[in-house]
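As given, the protein sequences belong to chains A and B, one line each in that order. Letter 120 of the first sequence, counting from 1, is numbered 336 in the numbering used here, and no numbers are missing. Letter 323 of the second sequence, counting from 1, is numbered 313 in the numbering used here, and no numbers are missing. Heads up, the beta-carbon is just placed ideally off N, CA and C, and yes, glycines get one too. Please read the structure below before turning to the comments.
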Amino acid sequence: MFKMMGNIFKNLVSKPATRLYPFEKREPFKNTRGQIAGCDIDKCIFCGICQRKCPADAIVVNKEEKSWEIDQFRCVICNACVEACPKKCIISSETHKTPQYKKDKLKIVQTEKITESTGKITT
Amino acid sequence: MSSTIIPFGPQHPVLPEPLHIRLVMEDEKIVEAIPAIGYVHRGLEKLTETKDFTQNVYIVERVCGICSVMHAMAYCQGIEELMNIVVPDRAKFLRVIWAELHRIHSHLLWLGLLADAFGFESLFMQVWRDREKVMDIMEETAGARVVISANAIGGTRRDLSKEQMVKINLTIDEIKHDLEQVESVFLNNYTVKHRLVGRGILTKADAIELCAVGPMARASGISMDLRTTGYSAYGQLDFEPVLHNDGDNYARTYVRLKEIYQSIDLIKQAISKIPEGEHLVPVKGMPPKGEVISRVEQPRGEVLYYLRANGTKNLERLRLRTPTFANIPSLMKMLPGSQLSDVPLLILTIDPCISCTER
């Protein structure tokens, strides 16, 4: 009958197992797959491997526009793109995405830049 | 006596997932039960035909949240057999460690749900508090809590460091200690036993005839555990299937409870025996034309994967049979003759995973 008594007394004097969430947040673990936060667009070569590897079809790479676009609400955060990227330019963040009012896509476009040595416009 | 039909589900407080059963009643007694599934069909088998065979690992993991590692493991083992890939030994042990961690969290979840089903809320919280420790290990080692995506074709995607293994060892010791405190409540408490002992008896003959799998079969005295066939690294570990002969709710609780201890022991063995080396070998080419059947023991029983490749990057057919699907006939055998108030508990003791069953 009194099998739980020991546990009950232990629980009375111990700290609660839960956190008061909005006020007290747990630090995410190192190397947790929180979200795909974006892409280091200057390093990107627009090869489109991430787009082909993505199991959720969340990434769209456009070579003409020089743009990289992710639908973070479609993404299943498997990090297959991060592993497949030959330039390692996709940024994986440890923090989770917060709720949003709109399901906006994250689009990053490479702007033209001038290389210092030749003065030529490259993209 | 005239009979009444009571629809049970698809929405019911005890069921996290939609399972519909039409119960033909005479007074409080059930005379017939007619199941109906099909409320959460997602078409994942069809989806796998349109995707690359490497992408399918992420899809089959999403068949079931609770046993995602084992689904990916079964699929990867099938493809590896088809492509003649030799998986490194370290990857096999890593797969076993993650799979057994998943078994622990699945059984703890089930024990909590059982306690909740007979109204023992505080016991439910005790058990789920320990489950949270396993989820934290998952997040720390594999990067996610539930669908951990640890498996890849040719090995595992991540490796475990020495410190992480020490931490896993310490945490499962804690879980073992905590579980020993609540074990006697599940097995010896008067009120709990009143709801479990002698209810929903599945005899050994019935279990064999209806092809029960997993803890259902083992609780009816059938020594059937796919891990004893020695797939992955299980052949190098020492264990015996947990058995009970009664075949009632109590036996099923007993088997699942003792399997947590068994999993803890298996993880400890795997950590002590794990060899050094690579954890992933690169995969080249496409799966050649052919077909393969791959089987793995999940927390709920045996899962069966049938894969047919045609030499391209897409699979021609992927078919999977989940343990819950195999256990539903046994449930239909158990229901007639029992009381209406026992129905939620009887459904729960087969550990149903409906979205697994419907895919």
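- Between the alpha carbons of Leu336(B) and Lys303(A) lies a distance of about 55 angstroms.
- Between Val203(B) and the set Ile264(B), Gly237(B) and Glu51(B), the nearest pair of CA atoms involves Gly237(B).
- Neighbours of Glu129(B) in chain A, taken as residues whose beta carbon is under 7 angstroms from its own, are Phe245 and Thr248 in chain order.
- The region 227 to 246 of chain B makes contact with the region 176 to 189 of chain B; the number of CB pairs closer than 8 angstroms reaches 3 or more.
- In the DSSP assignment, Thr40(B) falls within the alpha helix (DSSP H) that extends over Leu34 to Thr40.
- When the beta-carbon positions are compared, Met220(A) and Ser112(B) come within less than 9 angstroms of each other.
- Non-local beta-carbon contacts of Leu321(B) in its own chain, meaning distances under 6 angstroms to residues more than five positions away in sequence, involve Ile340 in chain order.
- For the options Tyr224(B), Leu338(B) and Leu310(B), the alpha carbon positioned closest to that of Arg246(B) is the one of Leu338(B).
- Annotation: Ile56(B) to Lys323(B) spans about 26 angstroms, alpha carbon to alpha carbon.
- Put simply, the CB of Ser112(B) is near chain A, with a gap under 9 angstroms to one of its CB atoms.
- The beta-carbon distance between Cys305(A) and Cys263(A), rounded to whole angstroms, is 11 angstroms. This is too long to meet the 8 angstroms contact definition.
- Excluding residues up to 5 positions away in sequence, Asp42, Phe43 and Met276 lie with their Cβ nearer than 7 angstroms to the Cβ of Lys303(B) in the same chain.
- Neighbours of Pro271(A) in chain B, taken as residues at a C-beta separation under 7 angstroms, are given in chain order as Lys41, Gln45, Tyr48 and Ile49.
- Below the 8 angstroms Cβ cutoff, chain A contributes Ala233 as neighbours of Arg119(B), in chain order.
- For the C-beta of Gln171(B), the chain A residues within less than 7 angstroms are, from N- to C-terminus, Gly222 and Asn223.
- For Phe289(A), the number of other beta carbons within 10 angstroms of its own is below 16, and it is reported as exposed.
- Straight-line spacing of the CA atoms in Thr38(B) and Ile49(B) works out to 7 angstroms.
- In terms of Cα proximity to Pro244(A), the closest of Glu310(A), Ile257(A), Ser283(A) and Val298(A) is Glu310(A).
- Closer than 8 angstroms at the C-beta level to chain A, one finds these residues of the region 165 to 191 of chain B: Gln171, Val172, Ser174, Val175, Asn178, Asn179 and Tyr180.
- For Leu310(B), the enclosing beta strand (DSSP E) starts and ends at Leu305 to Arg311.
- Beyond the five residues adjoining it in sequence on each side, Ser210(B) comes within less than 7 angstroms, by CB distance, of Leu192, Thr193, Lys194, Ala197, Ala202 and Gly237 in the same chain, given in chain order.
- At a cut-off of 9 angstroms between beta carbons, Arg246(B) makes no contact with chain A.
- Rounded to the nearest angstrom, the gap between the Cα atoms of Lys321(A) and Ala274(A) is 9 angstroms.
- Taking 9 angstroms as the CB threshold, Asp149(B) stays off the interface with chain A.
- Interface flag for Val77(B) against chain A is unset, since no Cβ pair is found closer than 9 angstroms.
- Taking 9 angstroms as the threshold, the shortest C-beta distance from Asp106(B) to chain A does not fall below it.
- Ile158(B) and Ile75(B) have their C-alpha atoms spaced approximately 29 angstroms apart.
- When the beta-carbon positions are compared, Pro205(B) and Gly267(B) stay at least 9 angstroms from each other.
- Beta-carbon to beta-carbon, Leu308(B) and Tyr244(B) are separated by about 35 angstroms, too far to satisfy the 8 angstroms threshold.
- C-alpha of Ile165(B) to C-alpha of Gln116(B): approximately 11 angstroms in a straight line.
- Between Gly145(B) and Leu270(B), the gap from beta carbon to beta carbon is short of 9 angstroms.
- Taking a beta-carbon distance threshold of 9 angstroms, Val292(A) counts as an interface residue toward chain B.
- Across the structure, Leu103(B) and Val59(B) are spaced so that their CA atoms are roughly 21 angstroms apart.
- Note on geometry: alpha-carbon atoms of Glu199(B) and Pro278(B) lie some 37 angstroms from one another.
- About 14 angstroms separates the beta carbons of Val293(B) and Val282(B), which is beyond the 8 angstroms limit, so they are not a contact pair.
- Separation of Pro232(A) and Phe239(A) (C-alpha to C-alpha, rounded to the nearest whole angstrom) is 15 angstroms.
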